[in-house]
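If you want the numbering used here, it's the 1-based position in the sequence shown plus 282. Note that beta-carbon positions come from the ideal geometry of N, C-alpha and C, so glycine has one too. All values reported here derive from a predicted model rather than from experimental measurement.
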Amino acid sequence: MNSLQSKLAPLYEIYSSTIKPLIAAIEVQQEKQPSQLYNEIRAFNDHVARCYRKGITDDEVDIQAAKAMGHLERLALDCYKFLHVYYHDKAVIKFEKEVRKVDLSTVSNGEFYLRYRRLRTNIFQSLREAKQKEDDKKINQLSSTNRHTTNIRSC
283 MNSLQSKLAP LYEIYSSTIK PLIAAIEVQQ EKQPSQLYNE IRAFNDHVAR CYRKGITDDE
343 VDIQAAKAMG HLERLALDCY KFLHVYYHDK AVIKFEKEVR KVDLSTVSNG EFYLRYRRLR
403 TNIFQSLREA KQKEDDKKIN QLSSTNRHTT NIRSC
């Protein structure tokens with residue numbers, strides 16, 4: 283594997299293992315891909331394409347790869363926000379409306395309600411963290427997406 287491939291391969295691994303499943307989940311839920319995601323995908327690919335310019339230096343490749351990673355990170359956060367809205371609207375609001383007259387603390391000796399509240403809190407906390415990272419422009423790595431993925435899959 284040459285130097286360029288070794289720098290870009292991790293980006294495509296993240297895209298394949300994290301971004302594609304998130305986009306697929308959004309497409310299943312909404313039956314379309316939100317147009318806002320296209321811009322980040324285009325920008326990601328644009329920075330990768332720049333790495334193949336004739337005469338580009340290793341330092342310039344590093345800069346373009348870092349910028350491409352930034353677009354992957356924003357893309358992941360955008361996906362989580364779309365999924366959060368979907369789950370909130372379709373699951374949380376609908377569920378709470380349907381059970382508003384039911385004492386959930388009596389289900390499974392209160393364990394169901396405690397787990398539901400904990401998962402609901404985790405989802406909202408994850409969304410707040412994602413928005414804060416985006417607002418502060420302090421997105422440094424995609425590892426935080428693992429927590430978001432775990433919370434979404436737990437629902």
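| query | result |
| --- | --- |
| Closest Cα partner of Lys314 within the set Leu290, Cys361 and Arg397 | Cys361 |
| Cα-Cα separation, Leu354 to Tyr297 | 7 Å |
| Among Tyr398, Asn327 and Glu342, nearest to Tyr294 - alpha-carbon criterion | Asn327 |
| Among Arg356, Asn321, Phe364 and Met351, nearest to Ala500 - alpha-carbon criterion | Lying outside 283 to 437, the shown extent of the chain, residue 500 is not represented and no answer is given. |
| Nearest-angstrom beta carbon gap, Lys289 and Val343 [assumed within contact, 8 Å] | 6 Å |
| C-alpha gap between Ile301 and Ala358, whole angstroms | 6 Å |
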